[in-house]
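Notes to accompany the following structure.
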Amino acid sequence: MGKTRKSKRQLIRDEKRAKKRGRELADDEERGAKRQRHDDDDNGNSFYTLDPNADFIALDDDERTHDAPSHRDRGGNFEREFFGMLADQEQEYFRHADELLELNDFPSPEERHIFLQNVYREARGKELKLASSQSCSRLMERLILLSNARQKKRLFGAFAGHFMSLVTHRFASHCCEKLFLMSAPVVTQELSGDDVESGEPDEDEPDEVTEAMNTSMEDLFLLTLDELEEHLSFLLSDRFGSHALRVLLMVLSGRPLDQAGTKSLLQGKNKEHITVEGALAGTSGLTSQTRTVPSSFSVAIQKIIGDSTASLDSTALRVLAKHPTGNPTLQLLLELELELVVKPKKGKKEDDGKGDVSTVTLLERLVPDAPASFSDETSQACEFVNGMLYDPIGSRLLETLIAHCPGKIFKGLHANIFGPRIQSLLRNDVASYPAIKVLNRLSKEDLADAVQKSLPEISSFVEKGRFNVIKTLFERCHVRGATAELGSLLPALTTACGGAWKHLIPKLCALDEPEPETKEKKFQPPDAKNKTALLSHGSQVASTLLGIPGQPSKAIQNSLLALPPDHLLRLTTSSAPTSSLFAKALTVPPQLPHFHKLLVAAMQPHIYDMTVSKHGNAIVAAIIAAPSKAAGGGGDDARNVPVVPFHLKENIMAQLERRESDLRGSWLGRNVWRAWKGDLWCHRRQEWVRWAKERDPEGERVAGMPRARADIVEEGKGKNEKKEKKEKKDKKDGKEKKEKKEKKDKERRASEGESGDGKWKEKRKNGKSEAKAVEVAA
Numbered sequence: 001m002g003k004t005r006k007s008k009r010q011l012i013r014d015e016k017r018a019k020k021r022g023r024e025l026a027d028d029e030e031r032g033a034k035r036q037r038h039d040d041d042d043n044g045n046s047f048y049t050l051d052p053n054a055d056f057i058a059l060d061d062d063e064r065t066h067d068a069p070s071h072r073d074r075g076g077n078f079e080r081e082f083f084g085m086l087a088d089q090e091q092e093y094f095r096h097a098d099e100l101l102e103l104n105d106f107p108s109p110e111e112r113h114i115f116l117q118n119v120y121r122e123a124r125g126k127e128l129k130l131a132s133s134q135s136c137s138r139l140m141e142r143l144i145l146l147s148n149a150r151q152k153k154r155l156f157g158a159f160a161g162h163f164m165s166l167v168t169h170r171f172a173s174h175c176c177e178k179l180f181l182m183s184a185p186v187v188t189q190e191l192s193g194d195d196v197e198s199g200e201p202d203e204d205e206p207d208e209v210t211e212a213m214n215t216s217m218e219d220l221f222l223l224t225l226d227e228l229e230e231h232l233s234f235l236l237s238d239r240f241g242s243h244a245l246r247v248l249l250m251v252l253s254g255r256p257l258d259q260a261g262t263k264s265l266l267q268g269k270n271k272e273h274i275t276v277e278g279a280l281a282g283t284s285g286l287t288s289q290t291r292t293v294p295s296s297f298s299v300a301i302q303k304i305i306g307d308s309t310a311s312l313d314s315t316a317l318r319v320l321a322k323h324p325t326g327n328p329t330l331q332l333l334l335e336l337e338l339e340l341v342v343k344p345k346k347g348k349k350e351d352d353g354k355g356d357v358s359t360v361t362l363l364e365r366l367v368p369d370a371p372a373s374f375s376d377e378t379s380q381a382c383e384f385v386n387g388m389l390y391d392p393i394g395s396r397l398l399e400t401l402i403a404h405c406p407g408k409i410f411k412g413l414h415a416n417i418f419g420p421r422i423q424s425l426l427r428n429d430v431a432s433y434p435a436i437k438v439l440n441r442l443s444k445e446d447l448a449d450a451v452q453k454s455l456p457e458i459s460s461f462v463e464k465g466r467f468n469v470i471k472t473l474f475e476r477c478h479v480r481g482a483t484a485e486l487g488s489l490l491p492a493l494t495t496a497c498g499g500a501w502k503h504l505i506p507k508l509c510a511l512d513e514p515e516p517e518t519k520e521k522k523f524q525p526p527d528a529k530n531k532t533a534l535l536s537h538g539s540q541v542a543s544t545l546l547g548i549p550g551q552p553s554k555a556i557q558n559s560l561l562a563l564p565p566d567h568l569l570r571l572t573t574s575s576a577p578t579s580s581l582f583a584k585a586l587t588v589p590p591q592l593p594h595f596h597k598l599l600v601a602a603m604q605p606h607i608y609d610m611t612v613s614k615h616g617n618a619i620v621a622a623i624i625a626a627p628s629k630a631a632g633g634g635g636d637d638a639r640n641v642p643v644v645p646f647h648l649k650e651n652i653m654a655q656l657e658r659r660e661s662d663l664r665g666s667w668l669g670r671n672v673w674r675a676w677k678g679d680l681w682c683h684r685r686q687e688w689v690r691w692a693k694e695r696d697p698e699g700e701r702v703a704g705m706p707r708a709r710a711d712i713v714e715e716g717k718g719k720n721e722k723k724e725k726k727e728k729k730d731k732k733d734g735k736e737k738k739e740k741k742e743k744k745d746k747e748r749r750a751s752e753g754e755s756g757d758g759k760w761k762e763k764r765k766n767g768k769s770e771a772k773a774v775e776v777a778a
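Shown next, in the form of structure tokens:
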């Protein structure tokens, strides 16, 4: 038997590890001296202090278990590298290049391409300095956005061997994240066999860069993971490294990279968004949809989950679950495990005597022996759930567990923990979010039981602003078809809002409170932000009720029509959630007679203020999109169609025409003027009428539409022209008839011959003589 040959990737990995060990041995004496100075006090006694305000949790500190003195920067078991600083002249050049790329003010695309090539040439060999520079790391991110596959591979080669220092660096970590995100589509392209732009490396390139440029992107990602493999548990809670780890996990999973939920998971609220013109044109389609990834990526995810959590006991997991940086990473690990990792069958017996540690999943570490252990209040699983329920950070991990756990575990959770006290959990500010996730997975029978328990608390929900709970109850009852529970929830909500349908919108949209001053979002005080969130949640409740046919929709429509003019103007122009409520009201089937006609008539006096408003102009644009008449027949389909009478549209257009100059002076006004085709209204009124009635049903559109322009011109002609035309036509028809008759006579004479000709002549002579005799007698 021959020896097993190593793959090329394994050989490269072994070579890199050998170089790394050599560098560590060469610097061992210097590192030992540094540790001795930091770890010994004046008397030579070693000590170790833990900073409670640190940005990390030192979970992988193996040296402490051997009572060895250790000092590791920010808790990591690696030596942070310093890559040097750019010279003043180089720094000024790259800063100027960054400003030019941001402005994108180039005379032509060719000059922009030449400029980029010069910047790439100047940055060669200085990639590490650029990435770790405070002033020039933005330029590196823009260059990554504009790089092709060959240039991205070159950056992987330049960063190789230094990824651990880069991903934990304040500025370089953003460059690594951008490189991972922009290289993800290349993996899919190479896997599908598409042509990927590449080229031959230059002769003066370092060996690592040359190897990287000749390696597939899949192997480059796996080699990067090999570098980070020893420090995964540290990266879980590192302030900068955790973001890079999340990006790597998203790339390996093949998930869409530009969705809203993905962005909030990968970056913080204050992260600067670096863009450059024309950067995402070729990869937008691959980043917005699920990507095809190789099978080695799924294996890598399983290894990351196992390696990063293998050394964590139950106490460490609880600490990590409540850590502001480690919690999002732990959420992603748990979600990927529940979606991708296939658990072995329970009936399968293990042949060898290996331990069960390697087969224990992250879910089993969090809730051991579930679902049976949920019935015991003293069990570790029950204590974990109860400990996370009321924690602002830990409850987010519990939400992920509830949303993605298997059905058996969810049933145990609901039966023993959430079901008996669902109403009290929904009242709590923090525990209500995991409880909402529970409501989203309940069956119809369990949901009906939860609604019955929650009915007495509806007034409390309204007072405390738990509008998201009310919205979820109505949504799930509608989805599950629980009509009886819907009939119970609506009267309870009406009673909590004032006892009548007309009070629903004022209560949900906080119209009783004074209108807040308009300020920029990031400078709002906490109270103003809370009021904005409550207004948004209340508007969502009203929008949800509006979308449920029957009494819920009828109640909201009744409340909208009962609004006074000042409240109506405030709701349509003050915020996006309230304006979207009115835009939706114009599209839902009417539950009240002439609802859309009455609503548009109420908005008509304020139509100009709505037009020049940031939020109200969308409502004005939606009015013209509604049909003017319903289909004939008067059936249910006709009654369920939103109709805005045509004369109301004409009145609105007339108002807009009177303020045409003011509308053209603002960007919002010009948008509405184009949407309503104001120029067509001013110059070709009949064509505007035809365009406005295009949305009407076919029969009603033809009956009520003016005739074509050719018919109108025809009616305007004088009677003499019509008479002359008719005479010419009659004369032409008479001439054709005469020619046909003569032709027929000739054919008949030819058939009868000469005898026939004599008889015809004699008859004509007799006829003439008889005519003369008649004349003489007269």
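For the sequence shown, UniProt numbering assigns the number 1 to the initial residue and increments by one for each residue that follows.
Note that the Cβ used here is the ideal one computed from N, Cα and C, for glycine as well.
I think residue i touches residue j, with their Cβ atoms under 8 Å apart; what is that distance to the nearest whole Å?
| i | j | result |
| --- | --- | --- |
| T400 | E335 | 5 Å |
| H596 | P590 | 6 Å |
| C682 | E657 | 7 Å |
| L317 | R246 | So it is not a contact: roughly 18 Å between Cβ atoms. |
| L312 | A321 | Contact doesn't hold; Cβ gap of about 10 Å is too wide. |
| I619 | F582 | 5 Å |
| L663 | W673 | 5 Å |
Do residue j and residue i come within 8 Å of each other at the CB atom, strictly closer than that value?
| i | j | result |
| --- | --- | --- |
| P256 | T290 | yes |
| L561 | L586 | no |
| L228 | F180 | no |
| T611 | L535 | no |
| C175 | S135 | no |
| I422 | F410 | no |
| H169 | S237 | no |
| V187 | M213 | no |
| A431 | S395 | yes |
| A602 | L568 | yes |
| P371 | Q380 | no |
Let me check understanding here. Comparing Cα to Cα, which of the options lies closest to residue i?
| i | options | result |
| --- | --- | --- |
| F82 | N386, A131, L101 | A131 |
| K677 | K126, A621, D745 | A621 |
| A300 | L128, A316, V367, L225 | L225 |
| D696 | P627, K731, L493, R685 | P627 |
| S133 | E90, L145, P109, A158 | E90 |
| E445 | V360, G481, A316 | G481 |
| L145 | S666, A184, A431 | A184 |
Near residue i, which residues of its chain fall below 6 Å by C-beta distance, leaving aside the five closest residues on each side in sequence?
| i | result |
| --- | --- |
| G538 | F467, L508, C509 |
| V119 | A97 |
| L252 | F297, A300, I301 |
| T309 | L362 |
| M140 | L130, A131, C175 |
| V462 | A496 |
Considering just the uninterrupted stretch of the alpha helix (DSSP H) at residue i, what are its terminal residues?
| i | result |
| --- | --- |
| residue 799 | This structure gives no information on residue 799, because the portion of the chain shown stretches from 1 to 778. |
| D696 | Neither: D696 is in no alpha helix (DSSP H) and is coded neither H nor E. |
| P552 | 551-561 |
| R138 | 137-146 |
| P328 | 326-340 |
| G241 | 241-253 |
| W667 | 667-675 |
| I548 | Premise fails: I548 is in no alpha helix (DSSP H) and is neither H nor E. |
| residue 801 | Examination of residue 801 is not possible in this model, given that the chain is present from 1 through 778 alone. |
Leaving out the 5 sequence neighbours to the left and right, which residues in its chain are closer than 8 Å to residue i when beta-carbon positions are compared?
| i | result |
| --- | --- |
| F474 | L486, L489, V541, T544, L545, I548, P552 |
| S575 | T532, L535, S536, S539, H615 |
| V641 | P589, P627, A630, A631 |
| T292 | T188, L191, S192, G254 |
| R427 | E457, S460, F461, K464, R466 |
Considering only residues of the same chain and omitting the five flanking positions on each side of residue i, which have a CB-CB separation below 7 Å?
| i | result |
| --- | --- |
| A18 | none |
| residue 781 | Lying outside 1 to 778, the shown extent of the chain, residue 781 is not represented and no answer is given. |
| N376 | A small fix is needed here, since residue 376 is Asp in this sequence, not Asn. Only C382 meet the Cβ criterion. |
| D14 | none |
| W501 | T494, A555, N558, S559 |
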